[in-house]
Amino acid sequence: MTVQLVTDSSAGLPDWCVTPATAISVLPLHVLRGDEDYREGLDAVPDSVVGDPAAHTATASPEEVRKVLVEALDRSDGAGVVAVTLSRRLSGTWDVVRTVADSLGPLVRVHDSESIASGLGFSVRAAAATAVDGADLGTVYRKAAEVSAESYCLCMVERLEWLRRGGRLSTAAAVLGAVLATKPILHLVDGVLTLRERVRTRSKALAALIDAAAGAEDSGEAAIAVHHVDAPDIADLIVDGLRQATPAAVIHPPAALGFTLGVHLGPGALGVVVNTHPDAIALPVQRDSFPV
């Protein structure tokens, strides 16, 4: 009997983190364009959807959510399921999962991470590790909430128009960023993307991301993930800068953001996630360091 974790595909978890041994299942979100409907993580999504004004995203259907939750509940053998989603203020995923979970009874609990990407992924992985160690449903749920609370997410986008068009940023903020800054820096505040500062050049934007990440923790100990949308070389530069600025931090290999986030952030977007919870810091950073 092991509590199971369910999350959505925006977490961007690598395959080696999603196995029966880790007690994690992933609910695919959808990328839509015209009559095309792609399930992130299951279908081959064309790269051209990123930057295409016709592309948009959708949460999983109630039927898809029910299937994943019921299968996880069965695997738990009565221990229960904790579903952890991306911020409900950025997506309708939490609402759909919550509605389905309510129909399945008290053994399915749902947590809004108020985060995205590794901000969500750190929470899911840490809670799953607790579950595999034998923790009960309430303990696993609390662990997910504790780790979520210690995530700090920043990103730089080439154009705020992508976010404004998708309803993830107010028109006023988008206009302000477009007029006053070449490279807007955003951060998540209570699950909402907010304009943090305005810089004129890419080099200043990279420095701002690194400085903000370094300033997000006091002791120097943190788990840090770097994300990008079709900008791996720039992500590598950020990792190099973070290694100098935060030598005590555990820095995960840079990873491309999934298509559901890429559609909204646009080509060239960069992100940094910092988590200071000890259980996030202790997570393996790559497959060969993963205990099996």
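According to the working numbering, the sequence shown holds residues 758 to 1049 in order.
Note that beta-carbon positions come from the ideal geometry of N, C-alpha and C, so glycine has one too.
Bridge pairing for M913: I942 and L1027 [DSSP]. L830 is not a Cβ neighbour of L877, given a cutoff of 9 Å.
The secondary-structure analysis by DSSP pairs Y795 across a beta bridge with V788. Between the segment 778–793 and the segment 801–820, the count of C-beta pairs closer than 8 Å reaches three or more; the two stretches touch. With respect to the 9 Å criterion, T887 and D765 are not classified as neighbours on the basis of their beta carbons. DSSP lists I981 as the beta-bridge partner residues of I1008. Q761: member of the beta strand (DSSP E) spanning Q761 to D765, first to last residue. Of the residues assessed, G1015 falls on the buried side of the cut-off, its CB having 16 or more other CB atoms within 10 angstroms.
About 6 Å separates the beta carbon of E871 from that of S905, a gap short enough to meet the 8 Å contact definition.
Scanning its chain for C-beta atoms nearer than 8 Å, with the 5 sequence neighbours on each side dropped, one finds around L963 the residues M913, I991, L994, I995, G998 and L1027, in chain order. Here the alpha carbon of D772 sits roughly 26 Å from the alpha carbon of A970. Where T1017 is concerned, the enclosing alpha helix (DSSP H) starts and stops at F1016 to L1022. Annotated as proximal: I873 and L1018, with beta-carbon spacing under 9 Å. For D869, the uninterrupted beta strand (DSSP E) run begins and ends at V865 to D869, by DSSP.
Excluding sequence positions up to five before and after G837, its CB lies within less than 6 Å of the CB of V760, L864 and L894, all in the same chain and listed in chain order. Under the three-state reduction of DSSP, V956 is assigned to strand. R866 is positioned such that its CB atom lies closer than 9 Å to that of A840.
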